[in-house]
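Below is one structure, written out as C-alpha cells, with a few remarks after it.
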Amino acid sequence: MTAAKAIRRLPLVLALDFDKTLTTHDTISSVAAVAKRIHPERADFQWFVSEYMKDYDAFEHAWTANNKVSGSETKKDRACLDKYLEAMRPVEQTSLLRVSSHGVLAGVTADDLFAAGRAVQFRPGAARTINHFLRSSDIDCTVCIVSVNWSESFIRGALSANGVDLEGPNSQGVDIYCNDMLFDAETGLSTGQLPSTMVVAGDKVNAIDAVKRAIAETCGHSPFLVYAGDSLTDLPALLDANVGLLFGDSSSP
43 MTAAKAIRRL PLVLALDFDK TLTTHDTISS VAAVAKRIHP ERADFQWFVS EYMKDYDAFE
103 HAWTANNKVS GSETKKDRAC LDKYLEAMRP VEQTSLLRVS SHGVLAGVTA DDLFAAGRAV
163 QFRPGAARTI NHFLRSSDID CTVCIVSVNW SESFIRGALS ANGVDLEGPN SQGVDIYCND
223 MLFDAETGLS TGQLPSTMVV AGDKVNAIDA VKRAIAETCG HSPFLVYAGD SLTDLPALLD
283 ANVGLLFGDS SSP
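Here this note's numbering is used: the first residue of the sequence shown is 43, the next is one more, and so on.
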C-alpha cells in the first residue's frame, strides 16, 4: 500500500491558523475597528498595541535573565519552548482583560463583525485548497480554524467572502476555535467582554487534541493531522502534526 493510499484510509484533520496564514495581513485591528467606527470616542487601538508591547518586552527581559544556561546562552529544546510559550499566558490574558475593561468591542453585533470580515483578503489559493478538502468524497476530512483572533463571526465572514464553501450540499463545514466576545441575549449587542479562551500555543494544541480524540472515539484510531501556521504561537502544533506547513512572507530566519 502506498503512503498516499494509507493516508486516504485514515480520517484527516486539516487545522489552520487564521491571521497571516490564510489572510494576507493580521486582522485583529480590523476587528477592533468595527466598534471604533460606531464609537469614535473610544481609545485608539494603537494604545492597546503599545501597552501590550511594554508587557511583552518586560516578559522577554525577565525570561532571558532567569533562563540562562551558561554565559549568554539559553536552553533551546521542546520542553523549554513549551515552558516559554506557556509563560506568556499572563501577558496575553492581561491584554484581553485590558481590551474588555475599556469596552473596546462593546456595542457591535455578530452581523457587524461578519460584514467586516468580508473585507479580509486571503492568500492566493487558500480558499481553493480548503474547498478541496471540504468537498472531497475520497477523504474523511475535518477542517478547523484554530486562532487567537477575537471573533468567530469575523472569521466566518472572511471565509464566506473568499469563497470557502461553508454550507454547500457537499461541504462538511468548518469548525472554528478562537476567542469570541460575549453578546447580550436580548439586544444582540456585544458586552465588550472577551474571555481568554485561545491565548497561547498550548491552547491551540489542546483544541486540536480534543478534535483528534473525538474522531478517534468515533472511528477507533487517531486521525492524520495537517497543520498550517505562521508564527511562534503555531510552532508546537506544527511540530506535533504529521505534516506541518509553515507560512511566511520572507526568507529571513
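Glycine is no exception: its CB is placed at the ideal position from the N, C-alpha and C atoms.
Would you report the Cα separation of residue 276 and residue 270, rounded to the nearest angstrom?
8 Å
Would you identify the three-state DSSP class for residue 78, choosing helix, strand or coil?
helix
Pop quiz: residue 187 and residue 58 are said to be a contact at Cβ under 8 Å. What is the actual Cβ separation, rounded to whole angstroms?
5 Å
I need the straight-line Cα distance from residue 140 to residue 222, nearest angstrom please.
15 Å
CB residue 183 to CB residue 56, shorter than 7 Å?
Yes, they are a contact pair.
Could you tell me if residue 242 is buried or exposed, where buried requires 16 or more neighbouring beta carbons within 10 angstroms of its beta carbon?
buried
Please name the residue, chosen from 260, 273, 272, that lies closest to residue 53 on a Cα-to-Cα basis.
Out of 260, 273, 272, 260 has the C-alpha closest to the C-alpha of residue 53.
Counting pairs of Cβ atoms below 8 Å between the region 79-90 and the region 188-201, do you hit three or more?
These segments do not touch.
Taking only the alpha-carbon atoms, compute the straight-line gap between residue 266 and residue 123 and give it to the nearest angstrom.
24 Å
Just to confirm the assignment, what range does the beta strand (DSSP E) spanning residue 266 have?
For residue 266, the enclosing beta strand (DSSP E) begins and ends at 266-271.
Check this for me: beta carbons of residue 145 and residue 234, under 7 Å apart or not?
Yes. Within cutoff.
Among 120, 209, 247, 174, which residue has its Cα nearest to the Cα of residue 279?
Closest by C-alpha distance to residue 279, out of 120, 209, 247, 174, is 247.
Alpha carbon to alpha carbon, how far is residue 118 from residue 294? Give it in angstroms, no decimals.
Summary for residue 294: the model assigns pLDDT 42, below 50, so the residue's position carries little reliability, and this model does not support an answer.
Cα separation between residue 170 and residue 136?
The alpha-carbon atoms of residue 170 and residue 136 are separated by roughly 37 Å.
Going by C-alpha to C-alpha distance, which of 151, 272, 205, 76 sits closest to residue 228?
It is 151 whose Cα lies nearest to the Cα of residue 228.
If I measure Cβ to Cβ from residue 173 and keep anything under 6 Å in the same chain, skipping five residues before and after, which residues do I get?
207
Among 142, 90, 126, whose alpha-carbon lies nearest the alpha-carbon of residue 105?
126
What separation, rounded to the nearest whole angstrom, lies between the Cα atoms of residue 290 and residue 162?
18 Å
Could you tell me which residues DSSP pairs with residue 220 in its beta bridges?
Answer is none; residue 220 lacks a bridge partner.
Cutting at 6 Å between CB atoms, please list the residues of its own chain near residue 168, excluding the five before and the five after it.
64
Leaving out five residues before and five after residue 226 in sequence, what residues of the same chain have Cβ atoms less than 7 Å from its Cβ?
For residue 226, where only same-chain residues beyond five positions count, the Cβ hits under 7 Å are 233.
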